[in-house]
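Read the structure below first, then the notes.
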Amino acid sequence: MSLYGVVADIHGNREALAAVLAALEARGVGRLACLGDIVGYNADPDECAAALRGLGAISIAGNHDLIGLGRLDFRRCSNKAKYSLKRTRRALAPETRAYLATLPGRLELEPGVVLVHGGVRDVQQYMTTPAHIAQNAAWLREDFPGAGLCFFGHSHEQKIYEVDDHGAVQELPAAKEFAFRKDRLYFVNPGSVDASRKQRHKLAECALLDTGCGTIEFLRVPYDAAATEVKAAAFGYRIDPLTDRLYSFQRRLRRAASALLRA
Ligand SMILES: [Fe+2]
Ligand SMILES: [Fe+2]
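See below:
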């Protein structure tokens, strides 16, 4: 029974991570859980990995971490992600690579509390609809019998879904504080620490999990988003329009070639 800070999708954003860690420290959080995508998109992957390592965070690997290591390819990446991950692969320090290589794909934080990055069985799945949650709830019950909470990231939005005994899914408002029932299953996305790809706001997101009191609280904190953006552009993490068009053309070419091979 503990008070955890739950973070996801840091994406090399040092400023946002610092803001979130300060907010969690102010709330007396002693343990940190991370849902992966520590690197990618922004210019400080090594610093973010070192901060998590130094705090003894309990972390799993996201698809960006696996792509950064070369364990996954770029096929399911957007152009922006592919470009920044090519840069990330060149930038990663050996100790960061070694750290990322130790991270499991999913784990049980404490009995009944599971951490995954995308879907329960697919690190690159976006769980964005009640149908996705229903399918993954069935997999979770097979893979982690008795789990009552599943924290997931990857889709970068603060979300909470409740699943009843019959598998019916209801999305609940990601209210500031939420008391969960022990006889239900919940899928919870704490949001993304990195807000560089968000249009709506530039706030770093995370959650507080109190397994003793049975509550989850969603946090949003301001950070110096302009500084992150300037650095990402200066260090080659932002795709230029020409490369963007080139990647799109290459993708169409690959699709056409595989359609021809199937015909
Ligand atoms: Fe992500
Ligand atoms: Fe991801």
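Numbering-wise (the working numbering), the sequence shown opens with residue 1 and increments by one.
Each residue gets a CB set at the ideal place from its N, CA and C atoms; glycine is no exception.
Residues bridged to K159 [DSSP beta-bridge criterion]: N189
CA nearest to the CA of Q124, picked from R31, D73 and R53: D73
Nearest residue (CA-CA) to R97, options F180, Y186 and A49: A49
Neighbourhood of V29 by C-beta distance below 8 Å, restricted to the same chain and skipping five residues each side: L3, Y4, G5 and L208
Length-filtered (3 minimum) beta strand (DSSP E) runs lying within the stretch 179-225: 185-190, 203-210 and 215-222
Alpha carbon of P130 to alpha carbon of Y186, nearest angstrom: 12 Å
Whether R14 touches D44 by CB criterion (9 Å): yes
Any non-hydrogen atom of ligand 2 within 8 Å of G36 CB: yes
For E177: DSSP bridge partner residues: E217
Reference L24, options I60, I133, D210 and E110, closest by Cα: D210
Check: H166 C-beta below 8 Å from any heavy atom of ligand 2: no
Heavy atom of ligand 2 within 8 Å of D9 beta-carbon: yes
Assigned exposure category for F249 - 16 Cβ within 10 Å defines buried: exposed
Assigned secondary structure, Q125 (DSSP; H/G/I helix, E/B strand, else coil): coil
Buried/exposed call for D46, threshold 16 Cβ in 10 Å: buried
Cβ shell of N42 (< 7 Å), same chain only, five flanking positions each side left out: H11, G12, N13, D194, S196, T228, A232 and Y237
Cβ-based burial, V188 [other Cβ within 10 Å; buried from 16]: buried
Three-way DSSP call (helix, strand, coil) for R255 in this model: helix
Three-state secondary structure assigned by DSSP to F249: helix
Helix, strand or coil at C264 according to DSSP, with G and I counted as helix: In the structure as shown, the chain begins at 1 and stops at 263. Residue 264 is therefore absent and cannot be evaluated.
Three CB pairs or more closer than 8 Å across the stretch 96-116 and the stretch 250-258: no
Rounded straight-line distance, which links the Cα of L260 to that of Q170: 42 Å
Own chain residues within Cβ distance below 6 Å of A147, not counting five before or after: G112, V114 and L140
Whole runs of the alpha helix (DSSP H) within the stretch 83-124, excluding any shorter than 4 residues: 94-102
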